[in-house]
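Peer 1: Could you have a look at this structure, given as structure tokens, before my questions?
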Amino acid sequence: MTVLSRAPRPWLVFLALFALACSLAAVTVAKASFWSANCNYATPSQTANLTRDGGQTYSNVARYEGYQWGGGCWNNDDVDASWGDPPENVGTQGEGGDCSGLTFKTWRESTNTGDGASYYWAPLRNVHGPYDAASFRAGIGAANGTVYKPYAGVMDAFASSYHIGMVFFRATSGADQIVEAKCELCGTNIWLRTYRSDPAYGGVRRIGWTG
Amino acid sequence: MNRFIPCRTRLSGRASTLVAAGAGIAAGTAAGVVAVAIAAGLALGGSTGAGNLDGLLEVAHVPPLLTVPGEDVTLRYAIVCPPPGGDIASGAPCDGSGDVYIRAGQSGPFTKLALERGSDSIEGRWFVRVPAQIATSTDGFSYYAVLRNDATGASTTLPAGGEAAPQRSLPLRKAVTIDLGAHDFGQARHADERVVSAPWGTGADEAGLSAGKTGRIGPSSFDVSAGGAVTVLDEINRRAVRWTHGRAAATALDLTPGIDDMSVGPDGTIYVLDARDNGSNPAVRAFAADGKPKWARETGDRTWAKLEMGPQGPVVDELPSEEWMPAADASGPLERRAQARNGMSGRPLSDGSELVVLRVGTSELRLARVAGGDVEKSWRILSGTPLGEVQLTEQHGNAVVVVLKTYTEAQDQFLVLVLDGGGVAKQFSLDPAEWAESAPLARFRLSGSSLYQLGSSPAGFFVDRFDLEVNR
């Protein structure tokens, strides 16, 4: 009885609550939002290279990392940390880019629409860029243009008023392997798509590929 | 011994306990936050902020499955990996290399050819020109490639089956050449019958539609039995719906809504080919006719093009191998390695032959029926209007039915060709009816002498039937 009624030793309490708080804090921070827990807002670095296969590599990092409407921040663990978030809600601040955010970062564009130079945005640098799919389709911005669809090649893209996906490679069927941030449940991946032959989509390109 | 002497010396029992509790919570919270920050920092990785990229190696290649006389044959590959040190910030290509193992014909030893590195990557930076004595072999040639990231030592084989299932290229020496000329978009055939029609919704005789700011997704695939029953993959409502004489019977399927493909086996097994957002390859999932899961197997490759029923079970057209791989055979489902070892360049048919398809350039389609490794019949279709994807190729008696897209910047139609030894036995065009998205190559099925089309409009989805009696 005496033992039970005695106050616990302070150092034991400290240790116990320290451990509990560690785990609770970790969970709380992790659940706060993917953006607040992981993403940064560092200044992008201007780069001389703008190769198509460099773009393939960059977009390949984003595969399996999810989709976030209005987003542009992901890591490289092949897990969508915010799968199943309510769609079309930028407030969910989850992992992944949306279609135009992925394209903007892969194409190394500037947030200044008058600047056609190339900038590296780290995967965890949260940025969407100033363009939506319709803007890309119209070729808006100094870095962007249009391309005759039959001639679109690796890392050119097909854009509609509601979606954009980049050509990863062509396929023997005449369809294309497209790397794209497709939807909240689908995430980001390489899929076979038929955008090339769909009049809803136009051919668009990054101006200034160096190889 | 109690090491927290300041607490003991300054405060009495209960008070010191409370302080210790507060300190524990505060310190623990700080430590927890720091732990998360460290984890995030580790994930962020060095100067590129991309983490450890050593394992990233992706490849792509369009095999010249069918060649024409005098054609210069160059094999081109994309090797997609980070530059040395994982420095994706530089935007530079990776430190890649590769070797092609190639031989004339379909048997014998392979000769090793090193890939060259080009200055441009729009069609693949690494390439090798096939030597003339191999490219012009009367039996064609076969090959596979080993592609590497020299900075990390990572490598991959393409096609995935390597020497056991090499890519095969065959010459078209006697192809029937068909020049379609410029396409007339004004002539679309009407259906002989609309066999299924349903509004969007969640009810028993409706079909799910996902419609938002990023596009519209409806039923993603369908199949038609020999008796004419239509099974629709209504994945938005997580079910397959079998339509018979206008009546719907739904079977719930444990699937995540998406854009997947489906085929129904002769025993009623429903095979669904899905793509998941979890870092693994897609999977073929088999469900009993009542929806009970039977088995699931990852595909050999990262990307699928189409699911069909082969002679012994479901077969999947996969990329980057660009081969049809069996997901199962008579003994049951196959593991990835077994799938890859049995890959084929053409779609396997029940009589042991294959249909090989190659869209070339902007407006050419090459097609061959291959039996015993030899081209039995072949066609070379040229168009004055750009050609898109080939939706369907099916044997139909002595003929082959082809459905492919033709398009301009503003218009598109499906072109249906019934091909025989004399050329085009029948030809007509169809409106695309692609208001809602479906699986990329799942809009047509051939059953008996009828072609079926899965279409959609703002009102709902439908399946139309077009009879194919040949009238030359």
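Chains as they are written, first to last, in the working numbering: chain A, 1 to 211; chain B, 1001 to 1472.
Virtual Cβ for every residue (Gly too), placed ideally from N, Cα, C.
Report the three-state DSSP secondary structure of A113 (chain A) (helix, strand or coil).
Peer 2: Note that residue 113 (chain A) is Thr in the sequence shown, not Ala. Three-state DSSP puts T113 (chain A) in coil, outside helix and strand.
Peer 1: Closer than 8 angstroms, CB to CB, is W1304 (chain B) near chain A or not?
Peer 2: Judged by the 8 angstroms Cβ criterion, W1304 (chain B) is in contact with chain A.
Peer 1: Do we get a CB-CB distance below 8 angstroms when we pair A175 (chain A) with the residues of chain B?
Peer 2: Cβ-Cβ to chain B under 8 angstroms: yes for A175 (chain A).
Peer 1: Are the CB atoms of G1361 (chain B) and G1181 (chain B) nearer to each other than 8 angstroms?
Peer 2: It is not a contact, given that the beta carbons lie outside the stated cut-off.
Peer 1: How about the stretch 1120-1134 of chain B and the stretch 73-84 of chain A: do they share at least three Cβ pairs that are nearer than 8 angstroms?
Peer 2: The stretch 1120-1134 of chain B is not in contact with the stretch 73-84 of chain A.
Peer 1: Please classify R1347 (chain B): does DSSP put it in a helix, a strand, or coil?
Peer 2: It is a strand residue.
Peer 1: Can you check whether the CB of G1161 (chain B) is closer than 8 angstroms to the CB of G1455 (chain B)?
Peer 2: For G1455 (chain B) and G1161 (chain B), no; Cβs fall outside 8 angstroms.
Peer 1: Could you work out which residues of chain A lie near Y1407 (chain B), taking near to mean beta carbons separated by less than 9 angstroms?
Peer 2: Those within 9 angstroms of Y1407 (chain B) in chain A are K149, P150, R196, S197, D198 and P199.
Peer 1: In angstroms with no decimal places, state the Cα-to-Cα distance between T113 (chain A) and A37 (chain A).
Peer 2: Going from the Cα of T113 (chain A) to the Cα of A37 (chain A) covers about 29 angstroms.
Peer 1: Could you tell me if P1266 (chain B) is buried or exposed, where buried requires 16 or more neighbouring beta carbons within 10 angstroms of its beta carbon?
Peer 2: Exposed.
Peer 1: Is there a C-beta anywhere in chain A that falls below 8 angstroms from the one on S1263 (chain B)?
Peer 2: It does not: the Cβ of S1263 (chain B) has no partner Cβ on chain A nearer than 8 angstroms.
Peer 1: For L1255 (chain B), list the residues DSSP reports as bridge partners.
Peer 2: L1255 (chain B) pairs with nothing; no bridge assigned.
Peer 1: Using a beta-carbon distance below 8 angstroms, is R1336 (chain B) in contact with chain A?
Peer 2: Not closer than 8 angstroms to any Cβ of chain A, the Cβ of R1336 (chain B) fails to qualify, so no.
Peer 1: What do you get for G1346 (chain B), buried or exposed, if any count of 16 or more other CB atoms within 10 angstroms of its CB means buried?
Peer 2: Its Cβ being crowded by 16 or more others within 10 Å, G1346 (chain B) is buried.
Peer 1: Quick test of your reading: V1241 (chain B) and A1248 (chain B), contact by CB under 8 angstroms. State the CB separation rounded to the nearest angstrom.
Peer 2: Their Cβ separation, rounded to whole angstroms, is 5 angstroms, which keeps V1241 (chain B) and A1248 (chain B) in contact under 8 angstroms.
Peer 1: In terms of residue numbering, what span does the beta strand (DSSP E) encompassing T188 (chain A) cover?
Peer 2: It spans G187 to R193 - the beta strand (DSSP E) in which T188 (chain A) sits, taken as one unbroken run.
Peer 1: Got a sec: which bits of the stretch 1065-1094 of chain B sit with their beta carbon under 7 angstroms from any beta carbon on chain A, in order along the chain?
Peer 2: Under the 7 angstroms Cβ criterion, the stretch 1065-1094 of chain B contributes L1065, A1078, V1080, C1081, P1082, I1088, A1089, S1090, G1091, A1092, P1093 and C1094.
Peer 1: Taking Cβ positions, are P980 (chain B) and W1324 (chain B) nearer each other than 8 angstroms?
Peer 2: Here chain B comprises residues numbered 1001 to 1472, so residue 980 (chain B) is not present and cannot be evaluated.
Peer 1: When the Cα of A157 (chain A) is compared with those of A:L185, A:T106, A:P123 and A:L124, which residue comes out closest?
Peer 2: Minimum Cα distance to A157 (chain A) is reached at A:T106.
Peer 1: Between which two residues does the alpha helix (DSSP H) containing K105 (chain A) stretch?
Peer 2: Element bounds for K105 (chain A): C99 to T106.
Peer 1: Put K1292 (chain B) into one of helix, strand or coil per three-state DSSP.
Peer 2: K1292 (chain B) falls in the coil class under three-state DSSP.
Peer 1: Figure out for me which residue from B:L1170, B:G1203 and B:H1183 has the closest Cα to the Cα of V1068 (chain B).
Peer 2: Of the listed residues, the one whose Cα sits closest to V1068 (chain B) is B:L1170.
Peer 1: For H1396 (chain B), list the residues DSSP reports as bridge partners.
Peer 2: H1396 (chain B) is bridged to B:A1399.
Peer 1: Could you tell me the distance, in whole angstroms, from the CA atom of N89 (chain A) to the CA atom of G1215 (chain B)?
Peer 2: Using only the alpha carbons, I get a separation of about 15 angstroms.
Peer 1: Excluding the five sequence neighbours on either side, which residues of its own chain have a C-beta within less than 6 angstroms of the C-beta of E1206 (chain B), listed in chain order?
Peer 2: Closer than 6 angstroms at Cβ, skipping near neighbours: A1198 and P1199.
Peer 1: At a CB-CB cut-off below 9 angstroms, which residues of chain A make contact with V1062 (chain B)?
Peer 2: Within 9 angstroms Cβ-Cβ: F169, R170, A171 and T172.
Peer 1: Against chain B, does P123 (chain A) count as a neighbour if the rule is that its beta carbon must be under 8 angstroms from one of theirs?
Peer 2: Taking Cβ atoms only, chain B reaches closer than 8 angstroms to P123 (chain A), which makes this a yes.
Peer 1: Suppose you measure from the CA of V1062 (chain B) to the CA of F168 (chain A); what does that come to, to the nearest Å?
Peer 2: Spanning the two alpha carbons is a distance of roughly 12 angstroms.
Peer 1: In the DSSP assignment, find the unbroken beta strand (DSSP E) run with R1189 (chain B) in it and report its ends.
Peer 2: Where R1189 (chain B) is concerned, there is no enclosing beta strand (DSSP E), given that its DSSP letter is neither H nor E.
Peer 1: In the DSSP assignment, find the alpha helix (DSSP H) that holds D1179 (chain B) and state where it starts and stops.
Peer 2: D1179 (chain B) -> not in any alpha helix (DSSP H); beta strand (DSSP E) instead, spanning V1176 to D1179.
Peer 1: Run down chain A in chain order and give the residues with a C-beta less than 7 angstroms from the C-beta of E1389 (chain B).
Peer 2: Here the neighbours are S173, G174, A175, T194 and S197.
Peer 1: Do you know offhand how far A138 (chain A)'s Cα is from R196 (chain A)'s?
Peer 2: In a straight line, the C-alpha of A138 (chain A) is about 16 angstroms away from that of R196 (chain A).
Peer 1: Does DSSP put W1200 (chain B) in a helix, in a strand, or in coil?
Peer 2: Reduced to three states, the DSSP call for W1200 (chain B) is strand.
Peer 1: Tell me, please, whether the stretch 1312-1330 of chain B touches the stretch 1147-1155 of chain B by the rule of three or more beta-carbon pairs shorter than 8 angstroms.
Peer 2: No: fewer than three Cβ pairs fall under 8 angstroms.
Peer 1: Helix, strand or coil, according to DSSP, for F136 (chain A) in the structure here?
Peer 2: Here F136 (chain A) sits in helix by DSSP.
Peer 1: Quick one: give me the first and last residue of the beta strand (DSSP E) that F1222 (chain B) is part of.
Peer 2: Where F1222 (chain B) is concerned, the enclosing beta strand (DSSP E) stretches over S1221 to V1224.
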